[in-house]
Amino acid sequence: MLTGLLVLLYSVILPGCQNQHELKWEQGDNYRRAELPEFNSQNVGFSALSARETNIDFINTLPEDDIVENRHLLNGSGVAAGDIDDDGFVDLYFTHLNGANELFRNTGGMQFENITETAGVALDDYYSTGATFSDVTGDGKLDLLVTTNNSGTFLYENDGNGNFSLIKDSGLNSNSGKGGTTLTLADIDGDSDLDLYVTNYKQQSVRDIYNPRDLQWNRIVKRSNGKYVIKPPYDKHYTVIEQRGVVGRYEYGESDELYINRGDGKFKQVTRADSVFFDTDGKPVSLPKDWGLTAKFYDINDDGFQDLYVCNDFWTPDRIWINRGDGSFKAIDKLAIRSLSASSMGVAFSDIDRDGHTDFFTTDMLSTRHSSRMRQIATEEPVPPEIGAIDNRPLYMRNMLFHNRGDNTFEEIAQYSGVAASEWSWATNFMDIDLDGYEDIFVTTGNAYDVQDADVAARISQGNFRNWKEAQETILTYPTLKLKNRFFKNDGDLTFTDKTDDWGIDSRDISNGAATADLDNDGDLDIILNRLNEDAVIYRNDVSKPRIAIRLVGNNQNFQAIGARVMLQNGDKIQQKEISSGGGYLSGSDPLTVFSTDLNESYNLTIKWPDGRKSSYKDIRANHIYEIAKPTDTDSIKSNVSESDSTFFFKEESDRVNYKHHEESYQDFKLQPLLPYKLSRLGPGVSWIDYNSDGIENLFVSSGKGGVTGIFEDDGTTFSEEELDPLTDPATGDQTTILGWKQNNKVHLIVGSANFEQGRTDAPSAYHYILNNGKVIDQESIPGVLSTTGPLAMADYTGDGFLDLFVGGTFNPGQYPISASSRLFINQKGKFKPDTNNTGLLKNIGLVKSATFSDYDKDGDPDLILATEWGPIKIFENNEGAFAERSSHLGIEEYTGLWNGVTTGDINNDGLPDIIATNRGLNSGYQLKGDSPLYIYYGDSDRDGRLEMYEAYKSEELGEIVPLYNMNKVSTSDEALNRKVSSHAAYGEASLSQIIGADLERVPNKDAATLAHMLFINTGNGFRTQQLPSKAQFSTAHYAGIADFDGDGNEDIFLSQNLFAVPAQSSRSDAGRGLWLKGDGNANFTAVDGHKTGIKVYGEQRGAALGDYNDDGRIDLAVSQNGTELKLYKNISGKKTLSVELLGPASNAWAIGSGARLVFPKGRKGPYKEIQAGSGYWSQNSRLLLFGYNEEPVSIEINWFDGTRQRIKLEELPEDLQLQVEYSNTPKK
């Protein structure tokens, strides 16, 4: 607490300021504070200060001769910020690639003087790259560390007066050139002094060491003992990797270096023998030969220990090392992070949504502009992942934003958040630029040569060089890439808005290293840039909102309190920041923390010091800077253990089933190269069906081609796999939906069968099996057509008492996205006959991904609802067995999308079925801008008999509809493209109409105007729309199921998520792990994450089914995954519900199509629930209706499938909370 008499200590005058402000320090207990100017306006932005204004006349020059000799020098140099002479002003040190480094002393008022010579830190002729100030000698003075491209790392000791001495026996590697880059420091072993990690790139590329002829495959690779190996001396530079028949050679980088501080400013390098680094299996490993660009120590998992994130270039993935608390590190769990930036340049950490957990951001090279994306070619992983692969981490050329779910696993949401692209990017930092309480993102950009330019690369690849020098000089033929540095405003809802053009920086340059510091002591952070071949520049922060600045003073060995965490709180508003050293791209910032405040509020401050102890302070005031010293008392509680809740809502029991979905590989992209995803990977579906009439519902899982249907019986201990010939014979094609019903004392099963991989359109669309006592006694097939079968659904839509069948056509093989035809079949006492009356209505109806029957208008008959891809949710109203489409009349036709799943449920307890529909989500490469939808154009434009397609969107840059994919990819489908378009640059500037040579109005097309997962809330005369919560939008979803999981009387939603089977240029959708959305009965939903629910399904989830398999009155869950294990979850925490079994007449004994709701005192009613055969996505839920409640119901209302209505009084609930109601065809009420 800030107590004690405040005493005027001393003042600091800011010389040279136009508006000089005197900082008057006041002393308190373990702290001092000074008042800042009275900031209280809304100004936000920066002013670029020139060398003339600051006297910083430094240019990081790099001549062309040096570039030709060593292209790695293009990675640039950095800047270090720190108060080297303890005069209250932050000084700056710039590293130089082709000359002396320079140190500038801050004399106040944004004025600097060059003291390099007297300080002794020029380090000339060393190709210096990275630098940071940090007290490694433990004397309370900032020492200087510098990395070089060619000569290792140097340490200068500071005497406290701005004079430095080179420590030649520091223990740091200062003799060999490993292409050193970034330095980061932290106390990793708990001994209070700062240890050091140095990233290494490589001094020179093999392209600058060897003649191109020497690097030809046959000269460096040979076959030995059945394997490919690299010949000496090239084995120092290359490795060969073979994956599933694909062989590639990859150039090594250099291994990084970890140094342990011995306590006297001398370091000991860690080796494998020291057993400091361990893989995910706990085995000791050496640091790999990666392409290291940046590393940063930061407490990623909030346990009080400094973890390590390492950014790597090219094919070597980022390394995330978790500190085990003893100074050793273990690789982060494989499933904690699902994908990575392909060429990570920088990393920054923050709590972006103020939920108390650490999030982080990495930079890459994706352009924001269509023309550049089409011209700049990204690297692709050469081998697609295996079917069912879950724990691999693909690399994508774009920025990544990792949001902590709360259990230190991360969902990657950069595309949702709007920060996936920032051009060719280097350094990044989180800082609250506009002082609104949420940290914004700053990114440096630019490159001397745009080496991704596909046109130049194509010319160079022809290899017509007269000599080696000419080959080396090809680097100079790439265009210069000067860009604006980027700013992204944090909107506080996990989205960001690009403010590059609004926050005052208009210049285009090549900015590499960047540091932040309060250079003018006004309590905000300025930005300092080291630019290539251009003056270094300061961005003065001109924000004029109230703020609080915090600087910590630690113990003697760690006087900057590196590793401490600062938390400022006002009510439920918590801002926090960790103090770090180095870790910016090639740079180190000053560790001042700045928080947003309200002018007239007071705040509570909590410091968690590096040793785990905490100290708290009250009455922290706006517009003050506080310098807080670590207390010497021992009363604070030491705790380095983060609290976690290990009680899950569901218990996983997947091992009781032990079933893996069979999926064979199929070459979808050879058949149609521009497919948006693999059409062969749509399954499986899941169903709960009592096939043997023993009163226990069995679990069914559909199989891929060549596999067998999974059928499981629960014996109380395990789920035994059942054989049911011929259903469990190997499938001739992908099985889709499995439906079951009971008719005239026989159980019927119908299994959808896709013709896509069978190569024949006359293959049956589905198989119908009739069972008696669990044995198949008869079977028939539903005749095949061109359309590939997807969803099945059943209901008695003809009103004759028997369940009729819908067979959905998902696509036509080889003709995607041409609309497929769906069909209806009338059940004539067990035999299915085509419904000729409705046939025309469903011909070419669309790409139907999911279907369900629901009496949406409550008129007593089932209506048909379809989810279509590249189309809307379609509603067909039933009028005595004749359907009429009502989508337009009901106001939902305009919501075209990439719909996957659909189901209905009463989410607002008004008795009307609402619609829940799943889509691609808002976290993919498909990003809609304004009112413009996503398009897909198709046709055989070159008349070669193959259908071409072009996914497209309206470019804000060009104002035209343009293709989504680049020229290389499109040409795999359109072989004439190279004759139509002269270059990648021309392709990037052209509209789709110009590319295909046709008026788009005459080209067949479809569109998707919304990508969000949606609620369509039934108003009785139409539907109003509402997006599902943001967390649901982070991944593609397929199945949607509605049930009251917690038994509170309100319907919840479960979503199955993820999509991996996408083309190489597209990021897979992997941020989901199955999501429970808890409902409040008013159509509002809150996401409940996996560390609370226990549901953690990391693969490509497809169908799922709800049921109470252990008969305890709680909704359990089975979730399928394409190509891998089925997941089974038992509900162990929900309130026990009332289980209602409706018993229909013999023709529909399971009462499919019926619904019910509870009635409570004073006329209040609960949600209306329907029994459906087919819903969600290719699945069938249990036929039992489970009703949660908060007060005892007085009656139950039943709407039978034939329109009969019944109300039954409940004098008291059954003791076992299980209720059976037999069908009664009493008159409608």
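Taking our numbering, I'd label the letters of the sequence shown as residues 20 to 1248.
For glycine and all other residues, C-beta sits at the position ideal for the given N, C-alpha and C.
Is it true that the segment 899-911 meets the segment 996-1015, where meeting means three or more beta-carbon pairs spaced less than 8 Å apart? no
Consult DSSP for Gln798 and reduce its assignment to one of helix, strand or coil. strand
Our contact map puts Leu966 next to Gln691 with C-beta atoms below 8 Å; I'd like the distance itself, whole angstroms only. 7 Å
Between the alpha carbons of Gly118 and Gly101, how many angstroms are there, rounded? 22 Å
What residues match up with Tyr969 in a beta bridge as DSSP calls it? Tyr956
Only counting the same chain, and skipping five residues up and downstream in sequence, which positions put a Cβ closer than 8 Å to that of Asp410? Lys353, Leu354 and Tyr1117
Quick one: grab the DSSP three-state call for Thr463. strand
Is the separation between the beta-carbon of Gly704 and that of Ser1088 shorter than 7 Å? no
Between the beta-carbon of Leu68 and the beta-carbon of Ala53, is there less than 7 Å? no
Whole angstroms are fine: how far does the CA of Ser608 sit from the CA of Thr535? 5 Å
In angstroms, rounded to a whole number, what distance separates the CA positions of Thr1055 and Ala583? 38 Å
Could you tell me the distance, in whole angstroms, from the CA atom of Ser838 to the CA atom of Val826? 15 Å
Please state whether DSSP places Glu683 in a helix, a strand or coil. coil
CA-to-CA distance, Asn423 to Ile351, given in whole angstroms: 14 Å
Using alpha carbons as the reference points, say which of Asp1065, Trp707 and Leu1162 lies closest to Phe738. Trp707
Spatial neighbours of Arg675 within its chain, please: C-beta separation below 6 Å, excluding the five flanking residues on both sides. Thr737 and Phe738
Inspect the beta-carbon positions of Thr203 and Gly601 and report whether they are closer than 7 Å. yes
With a cut-off of 8 Å on the beta carbons, I'd call Ser1158 and Leu1232 a contact; round off their distance for me. At roughly 11 Å, the Cβ-Cβ gap does not stay under 8 Å, so Ser1158 and Leu1232 are not in contact.
Taking the beta carbon of Asp993 as the centre, do at least 16 other beta carbons fall within 10 Å, making it buried, or is it exposed? buried
Taking only the alpha-carbon atoms, compute the straight-line gap between His256 and Ser96 and give it to the nearest angstrom. 24 Å
Using 8 Å as the Cβ pair cut-off and three pairs as the minimum, do the segment 788-795 and the segment 740-750 touch? yes
Ignore the nearest five residues each way along the sequence and tell me which others in Ser1243's own chain have a CB closer than 6 Å to its CB. Gln1225
Start and end residues, beta strand (DSSP E) containing Val981: Ile980 to Pro982
From Pro629, Met968 and Asp963, pick the residue whose C-alpha is nearest to that of Pro836; which is it? Met968
Using 7 Å as the threshold, is the C-beta distance between Asn504 and Thr463 below it? yes
Given Val727 as reference, the closest of Asp748, Glu716, Ser800 and Asp345 once Cα atoms are compared: Asp748
What are the start and end residues of each continuous beta strand (DSSP E) run of 3 or more residues lying completely inside the segment 974-1021, in chain order? 980-982
Using the C-alpha atoms, what's the distance from Ala99 back to Asn180? 17 Å
Excluding the 5 residues preceding and the 5 following Asp298 in the sequence, name in chain order all residues of the same chain whose CB lies nearer than 8 Å to its CB. Val304, Lys349 and Ala350
Among Pro783, Ala1051, Lys765 and Ser873, nearest to Ala1165 - alpha-carbon criterion: Lys765
Beta-carbon proximity list for Phe1099, same chain, < 8 Å, skipping 5 on both sides: First, the amino acid is wrong: residue 1099 is Asp here, not Phe. Answer for Asp1099: Asn1069 and Thr1105, listed in chain order.
Could you name the residues of the same chain whose beta carbon sits closer than 8 Å to that of Ala1102, not counting the 5 residues immediately before and after it, in chain order? Ile926, Asn927, Asp933, Leu1034, Ile1036 and Gln1045
Would you mind reading off the limits of the beta strand (DSSP E) that contains Trp340? Arg338 to Asn342
Identify the continuous alpha helix (DSSP H) that holds Ser436 and give its terminal residues. Ala433 to Ser436
Residues of its chain near Pro231, where Cβ-Cβ distance is below 8 Å and the 5 sequence neighbours each way are ignored: Gly482, Phe484, Trp487 and Ala490
Alpha carbon of Gln1191 to alpha carbon of Ala814, nearest angstrom: 8 Å
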